[in-house]
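What follows is one structure encoded as structure tokens, with my remarks underneath.
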Amino acid sequence: MDKRAKITIFIGLGILLMGVVGMIIGAAGIGGVEEEWNNFALQDVTNGTVTIEDNDGIGDVGLTFWVKGEYLDDDENGLWDVCEQVGIRVIEKPTVSETWATGASEFNGDFYSEVLYDFDKEGTSSCESDYRNKNNEREANGLVKIGRACYGCLAGDFTFESNETVWVTYDDALGEEIAGEVGLIVLGFLGGSGALCCGVVVMLIGVILIFTLNDDAPVQMQVAADGSYVMNPGSGNTVGVGINQSIPQVSMTPSVITEEMTRAEPYQFPSTDESVETEEQTIAE
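For the sequence shown, my numbering gives the first residue as 85, with consecutive numbering after it.
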């Protein structure tokens with residue numbers, strides 16, 4: 085096999101393996117999203133404290149409260165029963181900012197009822213027993229949303245107590261963690277799939293080179309009986325297959341220089357008498 089073809093195939097195999105690793109990273113990211121989604125700041129408690137970090141200094145989205153149950157209105161008073169059964173009392177809270185959180189000062193960091201914000205397309209936050217006003221995001225955990233707190237809060241501690249067991253999510257931290265996992269998924273699957281395709285293409289090119297390139301094998305010569313050089317036929321993938329050239333043997337006998345070859349012959353000058361006679365004849369005429 086030609087070395088260039090081997091190198092090409094190995095490069096393609098390396099890229100292919102990188103693609104497999106990328107796909108594994110993407111798959112791991114999916115598991116990470118599920119894990120982060122089930123990560124509660126507090127769970128199964130009747131009181132607790134959550135530290136608001138507010139990394140950007142303009143206020144956080146805040147906290148969401150969940151309880152075990154389902155959305156029912158058995159007394160038909162227009163409110164979900166689960167919301168009426170749970171009471172949240174805020175003991176400590178940070179100050180709020182309306183830099184982006186419009187209306188944050190109205191809630192002032194306290195707990196307020198909310199199941200699905202803007203369920204009626206009018207910006208409503210409530211526990212109204214409307215079929216549209218349901219939040220089943222954590223139905224797999226048997227949890228339903230009953231409200232939020234600390235909307236627009238700056239950095240500080242939020243402390244509360246409840247008459248029923250609750251689960252609390254810190255929405256800002258949860259969003260950042262999930263965003264990181266989603267980015268890992270996108271990077272893993274897009275990068276991995278691209279590397280897989282590229283690796284396959286490069287390996288195919290290497291396979292094609294196997295059948296199109298010949299090894300640069302040395303040509304062997306031998307001396308025939310008549311003294312000429314004859315090229316030996318090579319193997320099936322060597323250069324010069326089927327060529328049989330006879331090259332006459334050239335004698336390299338050195339030339340011998342003798343003394344007689346280098347001896348200079350004497351030079352004879354023309355006769356002066358003949359020149360004088362010619363000149364007198366010219367004058368006489």
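We put the beta carbon where it would ideally sit given N, CA and C, even for glycine.
Every value quoted in this text rests on a predicted model; they were computed, and no experiment measured them.
For the alpha helix (DSSP H) holding alanine 188, just list the boundary residues, first then last.
Taken as a continuous stretch (DSSP letters only), the alpha helix (DSSP H) holding alanine 188 covers 188-191.
If I measure Cβ to Cβ from valine 334 and keep anything under 6 Å in the same chain, skipping five residues before and after, which residues do I get?
Low confidence applies to valine 334: its pLDDT is 48, below 50, so where it sits in the model is not reliable, and the reading given next is rough at best. The beta carbon of valine 334 is closer than 6 Å to none in its chain, skipping five residues each way along the sequence.
Identify, in the order they occur along the chain, each residue of the same chain with its Cβ nearer than 6 Å to the Cβ of leucine 156, setting aside the five sequence neighbours on each side.
So the list reads Asp165, once near-sequence residues are dropped.
Can you tell me the Cα-Cα spacing of alanine 279 and threonine 183, whole angstroms?
One Cα belongs to alanine 279, the other to threonine 183, and the distance between them is close to 44 Å.
At the level of alpha carbons, what is the spacing between valine 196 and arginine 232?
Per the sequence presented here, residue 196 reads as tyrosine, with valine not at that position. Their backbone Cα atoms lie some 6 Å apart in a straight line.
First through last residue of the beta strand (DSSP E) which encompasses glutamate 245:
240-254 is the span of the beta strand (DSSP E), which, as asked, contains glutamate 245.
Local Cβ density within 10 Å of isoleucine 136, reported as buried at 16 or more and exposed below that:
In the assembly as shown, isoleucine 136 is a buried residue. Its beta-carbon has 16 or more other beta-carbons within 10 Å.
Out of Leu238, Met287 and Leu293, state which residue places its alpha-carbon closest to the alpha-carbon of aspartate 144.
The candidate whose alpha carbon is nearest that of aspartate 144 is Leu238.
Given leucine 97, which residues of its chain have a CB within under 8 Å of its CB, disregarding the five upstream and five downstream residues?
If we look at leucine 97 and ignore the five residues flanking it on each side, its Cβ neighbours are Gly283 and Met287.
In chain order, what residues of the same chain have a beta carbon less than 7 Å from the beta carbon of glutamate 176, not counting five sequence neighbours either side?
The beta carbon of glutamate 176 sits closer than 7 Å to the beta carbons of Asp241, Phe242 and Thr243 from its chain, once the five residues preceding and following it are set aside; these are given in chain order.
Lysine 218 by DSSP, collapsed to three states: which one?
In the displayed model, lysine 218 falls within coil according to three-state DSSP, outside both helix and strand.
Could you say which of Asp159, Ile172 and Leu163 lies nearest to threonine 148 if we only look at CA atoms?
Considering only alpha carbons, the answer is Ile172.
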